[in-house]
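In this text, residue positions in the sequence shown follow our numbering: the first is 735, and each later residue adds one.
The beta-carbon is built from N, C-alpha and C at its ideal position, and this holds for glycine as well.
All remarks here apply to the structure that follows.
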Amino acid sequence: MKEQEEKERYEQEFAEKGEREEHDQKKLEANREKERKESQKALEARKGKPNPIVYLEVEVRGLPGYGETEGRVEACGRLEIELFADVVPRTAENFRCLCTGEKGKRLNFKGSPFHRIIPGFMTQGGDITHGDGTGGESIYGPTFSDENFARLHARANLLSMANSGANTNNSQFFILFGQAKHLDRKHVVFGELVREDGGVMKKLQAVGSESGDVRGSVTIKDCGEIRNAQDEQRSRERFRKSSRSRTSSRERRKKQRNCYI
Numbered sequence: 735m736k737e738q739e740e741k742e743r744y745e746q747e748f749a750e751k752g753e754r755e756e757h758d759q760k761k762l763e764a765n766r767e768k769e770r771k772e773s774q775k776a777l778e779a780r781k782g783k784p785n786p787i788v789y790l791e792v793e794v795r796g797l798p799g800y801g802e803t804e805g806r807v808e809a810c811g812r813l814e815i816e817l818f819a820d821v822v823p824r825t826a827e828n829f830r831c832l833c834t835g836e837k838g839k840r841l842n843f844k845g846s847p848f849h850r851i852i853p854g855f856m857t858q859g860g861d862i863t864h865g866d867g868t869g870g871e872s873i874y875g876p877t878f879s880d881e882n883f884a885r886l887h888a889r890a891n892l893l894s895m896a897n898s899g900a901n902t903n904n905s906q907f908f909i910l911f912g913q914a915k916h917l918d919r920k921h922v923v924f925g926e927l928v929r930e931d932g933g934v935m936k937k938l939q940a941v942g943s944e945s946g947d948v949r950g951s952v953t954i955k956d957c958g959e960i961r962n963a964q965d966e967q968r969s970r971e972r973f974r975k976s977s978r979s980r981t982s983s984r985e986r987r988k989k990q991r992n993c994y995i
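Right under this line is the structure:
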């Protein structure tokens with residue numbers, strides 16, 4: 735009798751588990767279908783419009799020396815990126831909003847690091863919650879689905895979404911240093927670096943390692959969208975001023991060290 739009751743309870747629990755899994759799967763499929771329709775609608779709305787251009791202002795610091803809390807600035811550069819809104823509008827919009835911060839202070843790349851750099855392969859950043867590759871958040875929620883794989887990882891300077899498996903995109907992304915065909919149909923390519931100041935991409939590779947550990951720190955100091963020529967001029971002026979300020983600070987520290995030797 736007891737064995738029969740246990741068997742019936744097990745069968746009931748198994749059936750309930752199957753129903754929950756079926757319900758969750760249907761819900762997941764419904765969400766993906768909703769995202770697919772939103773993507774198609776966004777594509778139609780963007781017809782004839784230029785792709786957005788955003789920028790990241792990146793500071794590269796080396797390892798701290800004796801008695802220093804942080805390393806010296808080795809490079810400070812600006813990356814201008816075209817987002818492929820004509821191909822992956824939802825993915826492009828996620829990145830654009832994370833650059834402008836228009837969805838709230840928490841959803842912003844500003845102050846976040848490039849936590850993983852492998853020379854010859856890629857540099858990865860965008861973990862706006864933890865800063866070490868274990869976090870991230872999108873403007874649509876914790877994650878969102880792979881939009882499509884129309885663009886391939888065919889050359890250097892392309893931007894693609896980092897993920898932990900299918901349909902797990904958030905705010906993390908990477909920039910390629912070279913071709914990476916093995917990532918095709920696994921990661922969504924959504925943009926391309928179209929202009930670079932300060933030789934920062936070369937310096938990024940110099941502070942990377944085969945393991946991906948960064949020797950020093952690489953931080954997104956500022957970011958935003960370039961909507962017109964006036965926007966571009968203003969942001970470039972801010973960048974030049976901040977670069978001069980960092981240079982003069984570096985020179986002062988050098989003089990101070992010389993005084994104490």
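What does the alpha-carbon distance come out to for the pair Ile995 and Cys810?
Bear in mind that the predicted position of Ile995 carries a pLDDT of just 35, short of 50, making it too unreliable to give a figure here.
If you draw a straight line from the alpha carbon of Ala776 to that of Glu881, how long is it in whole angstroms?
Approximately 12 angstroms between the Cα atoms of the pair.
Which value, in whole angstroms, describes the spacing of the CA atoms of Gly1003 and His849?
Nothing about residue 1003 can be reported from this structure: the residues present for the chain run from 735 to 995 only.
Just the C-alpha distance for Gly912 and Thr877, rounded to the nearest angstrom, thanks.
27 angstroms
Do you know how far the Cα of Ala764 is from the Cα of Arg795?
46 angstroms
Buried or exposed for Arg824, please, with buried defined as at least 16 other CB atoms from any protein chain shown within 10 angstroms of its CB.
Buried, by the Cβ-count rule.
Helix, strand or coil, according to DSSP, for Ser773 in the structure here?
helix
Taking contact to mean 3 or more Cβ pairs, one atom from each stretch, closer than 8 angstroms, check whether the segment 944-957 and the segment 834-847 are in contact.
yes
Looking at Leu910 and Asn891, is the spacing between their C-beta atoms short of 8 angstroms?
Leu910 is positioned such that its CB atom lies closer than 8 angstroms to that of Asn891.
By a C-beta neighbour count over all protein chains shown, 10 Å radius and 16 as the cutoff for buried, is Leu832 buried or exposed?
buried
According to DSSP, what are the bridge partners of Gly859?
Beta-bridge pairing by DSSP links Gly859 to Phe848, Phe907.
Classify Ala940 as helix, strand or coil using the three-state DSSP reduction.
helix
Assuming Thr953 is part of the beta strand (DSSP E), what are its boundary residues?
951-960
Let me check understanding here. Comparing Cα to Cα, which of Lys937, Gln746, Glu802, Gly869 lies closest to Thr857?
Lys937
Does the Cβ of Tyr744 have 16 or more other Cβ atoms within 10 Å, making it buried, or fewer, making it exposed?
exposed
Is Glu791 buried or exposed, if buried means 16 or more other CB atoms sit within 10 Å of its CB?
buried
In this structure, how does DSSP classify Leu832 when only helix, strand and coil are distinguished?
helix
When you compare only the Cα positions, how much space is there between Ala914 and Gln746?
49 angstroms
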